[in-house]
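Structure first, then comments.
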Amino acid sequence: MEDKSKIVKRTIIESNHIEHIEDTDFEDSIVLKFKEPINICFYSKDKDSQHTLRAFVSAADNIEGLKFGVVNADMGKKIIQRFKTLEDEDNPYHWARFSHLPFILTYRSGFPQAFYNGSVDDKSLEFFFENLSHVKGYKEQNSAPIKLEHDENIYLRTT
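Residues 33 to 191 in the numbering used here are what the sequence shown spells out, letter by letter.
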């Protein structure tokens, strides 16, 4: 891609192909208005979020034909509140409730389908985006709070 995305002031992303998801993009609860597949990174200004965000943006910059979005939890408090309301275990999207930052969630047909639970590095994210996230029927609904090990070459997500 010609124009690479930039993380500006550690909280904002400047990009021609990564959308900033707004509260108005949701039609109901956590259901998005648009139906094409999208991978969304929910982040904050903490160190773990910033490492995940850098890897997410780098991976998204290398992939064409897929949709990517971001939610800054510090600026999108209404969106985060939508995910916090999923506490009722009878809710079919209880698994997608807000429990930690950062996290990457895949949507297809407007509905959340999967959490990303792999290593937080560009190549692992690229593999997930290109081979799993957009595949109809792929679901990964187990997510635990993550712990990132900060190493200058790789950022690993462990539970």
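Ideal Cβ placement from N, Cα and C applies to all residues, glycine included.
Check for me: the alpha helix (DSSP H) holding residue i runs from which residue to which?
i	result
F5	Because residue 5 is not part of the residues shown, which for the chain are 33 to 191, the question remains open.
F160	154-160
K110	109-116
On the DSSP bridge assignment, give the partners of residue i in chain order.
i	result
D60	V63
T138	N71, A146
E119	According to DSSP, which records beta bridges pairwise, E119 is partnered with nothing at all.
Pop quiz: residue i and residue j are said to be a contact at Cβ under 8 Å. What is the actual Cβ separation, rounded to whole angstroms?
i	j	result
P144	S81	Actually they are not in contact, since the Cβ atoms of P144 and S81 sit about 19 Å apart, beyond 8 Å.
N71	S156	Actually they are not in contact, since the Cβ atoms of N71 and S156 sit about 13 Å apart, beyond 8 Å.
T84	V152	5 Å
G114	F66	Looking at the sequence shown, residue 114 is not Gly but Arg. Rounded, the Cβ-Cβ distance is 16 Å, inconsistent with contact.
I53	V103	5 Å
F161	A91	6 Å
Can you tell me whether DSSP reads residue i as helix, strand or coil?
i	result
A146	strand
D55	helix
R189	At R189, the pLDDT of 36 sits below 50, so the modelled position is not reliable and the matter cannot be decided from this model.
L164	helix
H132	coil
In the DSSP assignment, the beta strand (DSSP E) including residue i goes from what residue to what residue?
i	result
F100	99-104
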